[in-house]
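The working numbering applies: residue 531 is where the sequence shown begins, and numbers increase by one.
We put the CB at the ideal spot given by N, CA and C, even for glycine.
These numbers were taken from a predicted model, which means no experiment stands behind them.
I have placed the structure first, in the form of structure tokens, so that the comments after it can refer back to it.
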Amino acid sequence: MGQPKLLLPWGASTVIEHLLGALVHPRVVARCVVVRPGDAPLAEAVTRAGARVIQPPFDPPEMKDSVLAALTAIERDWHPEPDEGWVLTPADQPLLPPGILDPLVAAWDEGDAEVLIPRHSGRKGHPVLFRWSLLPEIQQLGPSEGLNAIVRKPGRRVQTIELDAPGILVDVDTPDDYKRWQP
531 MGQPKLLLPW GASTVIEHLL GALVHPRVVA RCVVVRPGDA PLAEAVTRAG ARVIQPPFDP
591 PEMKDSVLAA LTAIERDWHP EPDEGWVLTP ADQPLLPPGI LDPLVAAWDE GDAEVLIPRH
651 SGRKGHPVLF RWSLLPEIQQ LGPSEGLNAI VRKPGRRVQT IELDAPGILV DVDTPDDYKR
711 WQP
């Protein structure tokens, strides 16, 4: 793509700033992004968007490692209660519409799910909500296990919610994706 995809122009901002704007919600205490050490341009864009930069001392090799770095920092700084939730979405989903968290938070409040997953046309997408009570299980995942192991655990209370939001399914992974979806 010629430059880091999260810093590519997206409308009047960048991919990451646009995504973070879609994740503003009164119930969201903090929007956090794990940034590799030394990636000052991305850290600056995240800060400009009003989100918190979490910069572990290592380059997280897997998404799970980035998630654990974020959860460790959030737990340390905010001490969430077990029944509170946290939101996970890949950083390369700039097609998430503003207000995407509204129906998810409403469904979260109405139910007792441990994991809440949005769907569009029957396909699962992001952002996904998890209860803090799952943190110990996430911390115990084996090296070859991802967060899907948490979701698929027998007996897990998983709820899905159908949304009219095709952007929950779209990652911008390639130059062709960027050209196809860019506003």
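### Query
What do you reckon, are the CB atoms on Q585 and D701 nearer than 7 Å?
Taking 7 Å as the cut-off, the Cβ atoms of Q585 and D701 do not count as close.
### Query
Is it a yes or a no for the region 629 to 639 touching the region 701 to 710, going by three-plus beta-carbon pairs under 8 Å?
With a cut-off of 8 Å, the region 701 to 710 and the region 629 to 639 do not count as touching, because too few Cβ pairs lie within range.
### Query
Touch check for the region 665 to 678 and the region 569 to 585: three-plus C-beta pairs under 8 Å?
Contact between the region 665 to 678 and the region 569 to 585 is absent, because fewer than three Cβ pairs lie under 8 Å.
### Query
Under three-state DSSP, which class holds E675?
Coil at E675, not helix or strand.
### Query
Where are the alpha helix (DSSP H) runs, 4 residues long or more, that stay fully inside the region 554 to 633, in chain order?
For the region 554 to 633, whole alpha helix (DSSP H) runs of length 4 or above, ordered along the chain, are 570 to 578 and 593 to 608.
### Task
Could you have a look at R653 and say whether DSSP puts it in helix, strand or coil?
Strand, per DSSP.
#### Entry: Sub-7 Å separation of I698 and G655 beta-carbons
Yes, the pair counts as a contact, with Cβ atoms nearer than the cut-off.
### Query
First and last residue of the beta strand (DSSP E) that includes I691?
Where I691 is concerned, the enclosing beta strand (DSSP E) stretches over V688 to E692.
### Message
Please identify the residue among V559, V558 and E592 whose C-alpha is closest to the C-alpha of P673.
### Response
P673 has its Cα closest to that of E592, out of V559, V558 and E592.
### Query
So, are the CB atoms of R717 and L553 less than 7 Å apart?
Nothing in the structure corresponds to residue 717, since the chain is present only between 531 and 713.
#### Entry: Neighbour-count burial assignment, W608, 16 or more Cβ in a 10 Å radius
With a threshold of 16 other beta carbon atoms within 10 Å, W608 falls short and is exposed.
### Task
Would you mind giving the Cβ-Cβ distance between L536 and V597, rounded to the nearest angstrom? I have them listed as a contact below 8 Å.
In fact, because the Cβ distance is near 17 Å, the residues do not count as touching under 8 Å.
### Query
Hey, how far is the Cα of G532 from the Cα of W540?
Spanning the alpha carbons of G532 and W540 requires a straight line of approximately 15 Å.
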